[in-house]
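K.L.:
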Amino acid sequence: MTTLASLVEVLREQGTGGTVEVLVGDLDRTVREVVVVDDANGLAETGEGTLLVLDRRLSAVADSYRFDIFVRRALGHGVSGILLTLPEQIDVSVTALALCRKSGVPLLKVAPDTDLNVLVRELARQLADELHLNMDRVRRALQGMDDLGAGQDTAEAIVAAGSELLGRPITLVEEADPDTVSVPAVVTEPDGERLAAAATGNADTDALVQMVLWRLAVELSRGALQRRRAEQTLRRSAGELLLQLVDADRAGRGATGAMARRLGIPVDGRHAIVRIELENLTDLTSDDVRAYEQRDRMAAAALRSTTGDPGIWHVSHDISVLLLLCTRDATAEGTAADTADLQRTVRRVIGDLVADLPELRTFTGIGSWRAGIVGLAASASEARLAVAAARARRRVNEPVGFDAVGLRSGLIEWYSSPLVRESVDTLFAPLSGLSPAKRDSMIETLGTYLDLQGSITRTAERLHLHRNAVRYRIQRALDQLGIDEDDADQRLFLHLACRAVTIR
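So the sequence shown is numbered by full-length UniProt numbering: it starts at 1 and just counts up by one.
#1: Given a cut-off of 8 Å, decide if LEU452 and ARG439 are closer than it, judged by their beta-carbon atoms.
#2: Between which two residues does the beta strand (DSSP E) harbouring GLU461 extend?
#3: By a C-beta neighbour count over all protein chains shown, 10 Å radius and 16 as the cutoff for buried, is LEU7 buried or exposed?
#4: Please tell me whether ASP55 and VAL36 are closer than 8 Å, where the distance is taken between their beta carbons.
#5: Assuming GLY365 and LEU342 form a contact by the criterion Cβ under 8 Å, report the distance between their Cβ atoms to the nearest whole angstrom.
#6: If we call anything under 8 Å between Cβ atoms a contact, is VAL346 one with PRO310?
#7: Which value, in whole angstroms, describes the spacing of the CA atoms of PRO87 and THR180?
#8: Output yes or no for whether 8 Å exceeds the beta carbon distance between THR3 and THR30.
#9: Straight-line CA distance for SER182 to ASP356?
#10: Mapping the DSSP letters down to three states, classify GLU219 as helix, strand or coil.
#11: With DSSP run on the structure shown, which of helix, strand or coil describes ALA469?
#12: With DSSP as the reference, please indicate the residues paired to ARG328 in a beta bridge.
#13: Below 7 Å CB to CB, which residues in the same chain sit around ALA199 once its five sequence neighbours on both sides are set aside?
#14: Determine the direct distance from the alpha carbon of ALA161 to that of ALA40, and round the result to whole angstroms.
#15: Would the beta-carbon of ARG72 fall within 8 Å of that of LEU99?
#16: Between GLN210 and LEU220, what straight-line distance do the alpha-carbon atoms span, to the nearest angstrom?
#17: Let me confirm a value: LEU434 is counted as buried when at least 16 other C-beta atoms fall within 10 Å, else exposed. Which label applies?
#18: Measure the C-alpha to C-alpha separation of ARG491 and ILE483 and round it to an integer number of angstroms.
#19: With 16 other CB atoms within 10 Å as the buried threshold, where does VAL20 fall?
#20: In the segment 22-73, which residue ranges form an unbroken alpha helix (DSSP H) of at least 4 residues, counting only runs that do not cross its ends?
#21: From GLU485 to ALA336, what distance separates their C-alpha atoms?
#22: Closest by CA to residue 525, which one among ALA488, HIS77, ASP268 and TYR472?
#23: How big is the Cα-Cα spacing for ASP191 and ALA217?
#24: Considering Cα atoms alone, identify which of ARG295, VAL94 and ALA272 is closest to LEU278.
#25: For LEU166, which of TYR472, VAL79 and GLU13 has the nearest alpha-carbon?
#26: Tell me whether the beta-carbon of ARG467 lies closer than 8 Å to the beta-carbon of ILE456.
#27: If you count every other CB in all the chains shown that lies within 10 Å of the CB of GLY151, and 16 or more means buried, which is it?
#28: Helix, strand or coil, according to DSSP, for THR339 in the structure here?
#29: Just list the alpha helix (DSSP H) runs in the segment 90-125, keeping only unbroken ones of 4 residues or longer that don't cross its boundaries, in chain order.
#30: So LEU450 is in the alpha helix (DSSP H); what residue range does that whole segment cover?
#31: Let me know the secondary structure DSSP gives ILE265 once reduced to three states.
This is the structure:
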């Protein structure tokens, strides 16, 4: 149904009625017909829901007793409104205004130079073809939305501009009411916020309103996509730099630290590294490309899961690994409370990752709080050791803190040195021709042998091998590596190197 409010709105939009002024009354009334009245006695065929348009001659008596009588009779017929073509020097009768105010029937006026023929024709056209005029309004709204992105930089501003263009309120809501027309605010997020406008009860009109809402959703989606891309670029750049910070040698730390500061990584603060090794991610994805995409989504999800933690978080990912950096103020003590907060956040991160991918198996290590770039690298090494402990204890999807592992910090510092890692790689280079499984088996045998103070018998028992097999493996490995077992320094370095390989 057409309301008087919609008629007035169209007249104002198109300028047909010049300046339409509402003197009194409520415009939320249904109009079924428009009748031009040129005689005070011409109300015999006037029915309920009629908008009366008074010609200039009848409008000219609006300040008289005759007009009061006319208004009383019109109200008795149940009219929806009375529109005057009122000369500027004439004021409406106080009694007539009071009658309309009491009944709620609106009394309106237009400028005296308004062409009544054009005005009535336009009103009749809207009543006869409301869909056509609604389409005109929608078309103008759609055209105006082409320029929305340039001037408005927030979702609220875009929605407000869309409301103004459409001529009816549009809201951004978490969940739309049943008596509204609504669409997803971001087209790729059907379960997210929605754009909503009040339903009119007319299926054709509601369909047009929905068309405008979809067009508005395109603008919101474009802005969301641009923000998401910017955040993704910043996250990936910071992530790549985080990997460099973890592995940087002393000479490269200065340049890497400067780049990190420019990207907003507070390298001078107090840091804790969280290392999440994705044990079976490759089994859950079809190829390397899918695995990378999945890791990238998981990295973004992990960062979202840290929301609410008092620290500043950054995330990176490498093959089968997520690396998270939590930074707090350099003056922070890294207290037990800080560590407990960190543990809770990491548990939440793991829980969210597993909720999204229920078959996922992870081993997670948390380094202790360390200051500066050097401390960041040390915390990363501690996190590696904690992961090794988690694996040894089969702590699946359960974080293990370095403090709970009980290893000496001096040994960790030794492991974290890039020069030491280079020396370890050089030591085991002669084994590069072996398959990864054979290489790991040989190093495991050596490490166990040295852990057990060179006892062939105990090594065989630990590895469930025959003593001769152990003796053969040990001798072959020592020969290939060029190690003199009787040299205490060489023996110590080999022992430490075997330990180092197990946490890399």
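Virtual Cβ for every residue (Gly too), placed ideally from N, Cα, C.
P.N.:
Well, looking at it:
#1: Pairing ARG439 with LEU452 gives a Cβ-Cβ distance that is not under 8 Å.
#2: No beta strand (DSSP E) contains GLU461, which is instead part of the alpha helix (DSSP H) from 456-463.
#3: buried
#4: yes
#5: Going by Cβ atoms, the distance from GLY365 to LEU342 rounds to 12 Å, so no, they are not a contact pair.
#6: no
#7: 42 Å
#8: yes
#9: The alpha-carbon atoms of SER182 and ASP356 are separated by roughly 28 Å.
#10: It is helical.
#11: Secondary structure at ALA469: helix, using DSSP grouped into helix, strand and coil.
#12: ARG270
#13: ASP179, THR180, VAL181 and ASP206
#14: 45 Å
#15: yes
#16: 15 Å
#17: That one is exposed.
#18: The straight-line gap from Cα to Cα measures roughly 7 Å.
#19: buried
#20: 56-59
#21: 44 Å
#22: Outside the displayed span of the chain (1 to 504) sits residue 525, for which this structure offers no information.
#23: 14 Å
#24: Checked all of ARG295, VAL94 and ALA272; the closest Cα to LEU278 is ARG295.
#25: Looking at the Cα atoms, GLU13 is the closest of the given residues.
#26: yes
#27: Reliability of the predicted coordinates at GLY151 is poor, the pLDDT of 49 falling under 50, and the value obtained from them is presented with this limitation in mind. The residue in question, GLY151, is exposed, as its Cβ has fewer than 16 Cβ neighbours within 10 Å.
#28: helix
#29: DSSP runs (the alpha helix (DSSP H)) wholly in the segment 90-125: 94-103.
#30: 436-451
#31: coil
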